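Everything on this sheet refers to the single structure shown next.
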Amino acid sequence: LDGYFIDIDDLKTNLAGCWDLMEPLKANTPIMIDLKGGYGSAYYSSTLPGIITSSEISVASVDEMIGFMHDKGFYTIARISAFRDRTYGESHVSSGLYMLNKKGLWMDPDGMYWLDPTNATTTSWITSQVLELRDMGFDEVLLDNFCFPNSDKYIFTGDKAGALQSAAATLMSTCGSNKFVLSFLADTSFILPEGRCRLYVTGVSAAGIGQAAAAQKDLSEPEIRLVFLAESGDTRYEKYSVLRSLHVAEEVEARRNNEAE
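Under the numbering used here, the residues of the sequence shown are numbered 755 to 1015, in order.
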């Protein structure tokens, strides 16, 4: 992958600018778009029972943008929050991670609930979201927040790494196919399940990509299956797959055109 991403801040404040930046891009350019964050509301017109749509953005405009991305022939990736989901946690308390005193669900510092990866209802809920987006024509879905929250204030006594591996394997078995990619934004120690999938990492500086890649020494084809999310157009990311902020698209595309000439 070598493309760009559109995040929630772009959807809130810069939709018109995103259109302008995508217009000159070639077919098959990978474009990732945020479609559900930690609050749990959808940024597109989802038809899933019980889901709510965001009131902070123009869902109709996002729907139109998704249609534009498909019409342009981009390789389309939808990013959704997996285990961080306040709205679903509120209505499905048994699926969440409980406080130590068992009086309610644990909240992270931003006031968000986290779901239990070992709960069958949790994986079923995530499956329904992935399948909806796959049926909408997305080539790939990235499950963000595919991890446990970094805290000792909630109840979970099992093997966290094993729980994540098991959940990933379950999701691959229900959502994966030879024409669709299901990927995970997780810690670099996360081991990918069998099937068409990638590991995404964020917050890695261009100077640190070698160390991050070394942590995935057992990953087959790391140049393809390890994807860095970056804000800059730094060329050092290009040894591996990379998605950059759409804001640097003009800079990156201009450099490529100059190199081609």
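In this text, a Cβ means the ideal position worked out from N, Cα and C, and glycines have one as well.
Please read all numbers here as calculations on a predicted model, not as lab measurements.
With a CB to CB cut of under 8 Å and the five nearest residues on each side skipped, what residues in its chain are close to residue i?
{"i": "Tyr994", "result": "Ile963, Ala967, Pro976, Glu977, Leu980, Val981 and Phe982"}
{"i": "Ser920", "result": "Pro871 and Thr872"}
{"i": "Ala969", "result": "Thr942 and Ser943"}
{"i": "Tyr829", "result": "Leu755, Gly757, Asn782, Thr783, Pro784, Ile785, Asp893 and Glu894"}
{"i": "Asp862", "result": "Arg838, Trp868, Pro903 and Ser905"}
Kindly indicate which residue of the options has the alpha-carbon position closest to the one of residue i.
{"i": "Thr876", "options": "Gly850, Leu859 and Val895", "result": "Gly850"}
{"i": "Lys766", "options": "Asn1012, Leu755 and Val813", "result": "Val813"}
{"i": "Lys790", "options": "Asp763, Phe910 and Ser845", "result": "Asp763"}
{"i": "Leu802", "options": "Thr881, Thr924 and Phe902", "result": "Thr881"}
{"i": "His824", "options": "Glu810, Trp860, Pro784 and Val847", "result": "Pro784"}
{"i": "Arg1009", "options": "Val996, Phe828, Arg952 and Thr989", "result": "Thr989"}
{"i": "Glu777", "options": "Ala917, Ser959, Lys826 and Ile834", "result": "Lys826"}
{"i": "Cys901", "options": "Ser959, Trp773, Ala770 and Leu946", "result": "Leu946"}
{"i": "Asp761", "options": "Gln883, Tyr842 and His1001", "result": "His1001"}
{"i": "Cys929", "options": "Thr911, Glu948 and Phe759", "result": "Glu948"}
{"i": "Leu885", "options": "Ser931, Arg840, Pro903 and Asp864", "result": "Ser931"}
{"i": "Lys933", "options": "Asp889, Asp788 and Ser809", "result": "Asp889"}
{"i": "Asn855", "options": "Tyr991, Gly771 and Phe910", "result": "Phe910"}
{"i": "Leu953", "options": "Ala960, Ala922, Ser905 and Met853", "result": "Ala922"}
In chain order, what residues of the same chain have a beta carbon less than 6 Å from the beta carbon of residue i, not counting five sequence neighbours either side?
{"i": "Leu887", "result": "Ala832 and Val895"}
{"i": "Ile787", "result": "Ile760"}
Would you list the one or two residues that DSSP bridges to residue i?
{"i": "Glu844", "result": "DSSP lists no partner for Glu844."}
{"i": "Val996", "result": "Asp756 and Phe982"}
{"i": "Ile806", "result": "In DSSP, Ile806 forms no bridge with anything."}
{"i": "Leu973", "result": "Looking at the DSSP assignment, Leu973 forms no beta bridge with any residue, so it has no partner."}
{"i": "Met861", "result": "Tyr867"}
{"i": "Pro784", "result": "Tyr829"}
{"i": "Ser835", "result": "Asp898"}
{"i": "Pro850", "result": "Per the sequence presented here, residue 850 reads as Gly, with Pro not at that position. In DSSP, Gly850 forms a bridge with Leu869."}
{"i": "Ala796", "result": "Lys790 and Thr807"}
Can you list, in chain order, the residues of its chain with a C-beta nearer than 7 Å to that of residue i? Leave out the 5 residues immediately preceding and following it.
{"i": "Arg838", "result": "Gly792, Met866, Trp868 and Asn899"}
{"i": "Val1006", "result": "Gly987 and Arg998"}
{"i": "Val816", "result": "Leu765, Tyr797 and Tyr798"}
{"i": "Ala984", "result": "Tyr991, Val996 and Arg998"}
{"i": "Ile811", "result": "Leu765, Lys766 and Tyr797"}
The beta strand (DSSP E) that contains residue i, what's its start and end?
{"i": "Glu894", "result": "Glu894 to Asp898"}
{"i": "Ser815", "result": "Taken as a continuous stretch (DSSP letters only), Ser815 belongs to no beta strand (DSSP E), being part of the alpha helix (DSSP H) at Val813 to Asp825."}
{"i": "Ala966", "result": "From DSSP, Ala966 is part of no beta strand (DSSP E) but of the alpha helix (DSSP H) over Ile963 to Ala968."}
Tell me which residue opens and which closes the alpha helix (DSSP H) that residue i is part of.
{"i": "Pro976", "result": "Pro976 to Arg979"}
{"i": "Lys766", "result": "Ile762 to Thr767"}
{"i": "Arg1009", "result": "Ala1003 to Ala1014"}
Nearest chain B C-beta to residue i closer than 8 Å, yes or no?
{"i": "Ala968", "result": "The chain inventory of the structure shown lacks chain B, comprising one protein chain alone."}
Given the structure, does residue i come close to the ligand FAD, in the sense that its CB is under 7 Å from one of the ligand's heavy atoms?
{"i": "Glu1004", "result": "Among the ligands in the structure shown, none appear at all, so the ligand FAD cannot be discussed."}
Item to check | Those runs of the alpha helix (DSSP H) which lie wholly inside the region 882-956 and span at least 4 residues | outcome: 914-929
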